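Student: Sharing a structure, written as structure tokens. Questions coming.
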Amino acid sequence: MITWARFKREFLTKYSPADERNRKVIEFMELKRGWMTISEYAAKFEDLCHFAPHYNTL
């Protein structure tokens with residue numbers, strides 16, 4: 001049996017290239033509301049924060 005952390009690490013390594021994850025981290029760091037509604041911004045924030053858990057304080 002493997003741990004969830006190990007499964008997640010191996011899954012992401014195989015199916016989510018590092019450069020793609022890094023682009024999502026940058027997108028998260030540069031996220032601005034602009035013309036999005038609060039609901040749209042919140043949804044985008046929640047989607048992107050999974051790529052940058054080390055910056056997520058929720």
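Read in order, the letters of the sequence shown correspond to residues 1 to 58 in full-length UniProt numbering.
Even glycine gets a Cβ: it sits at the ideal position worked out from N, Cα and C.
Please read these numbers as outputs of a predicted model, since none were measured by experiment.
1) If you draw a straight line from the alpha carbon of Glu46 to that of Leu31, how long is it in whole angstroms?
2) Would you tell me roughly how many angstroms separate the C-alpha atoms of Glu20 and Arg9, rounded to the nearest one?
3) Spatial neighbours of Phe51 within its chain, please: CB distance less than 7 Å, with the 5 preceding and 5 following residues excluded, ordered by chain position.
Tutor: Looking at the coordinates:
1) As a position in the sequence shown, residue 46 is number 46, starting the count at 1. As a position in the sequence shown, residue 31 is number 31, starting the count at 1. Roughly 11 Å separates the two Cα atoms.
2) As a first step, residue 20 must be located in the sequence shown, where it is residue number 20. As a first step, residue 9 must be located in the sequence shown, where it is residue number 9. For Glu20 and Arg9, the gap between their C-alpha atoms comes out near 15 Å.
3) Counting from 1 along the sequence shown, the entry for residue 51 is found at position 51. Correct list, in chain order: Arg21, Lys24, Val25 and Phe28.
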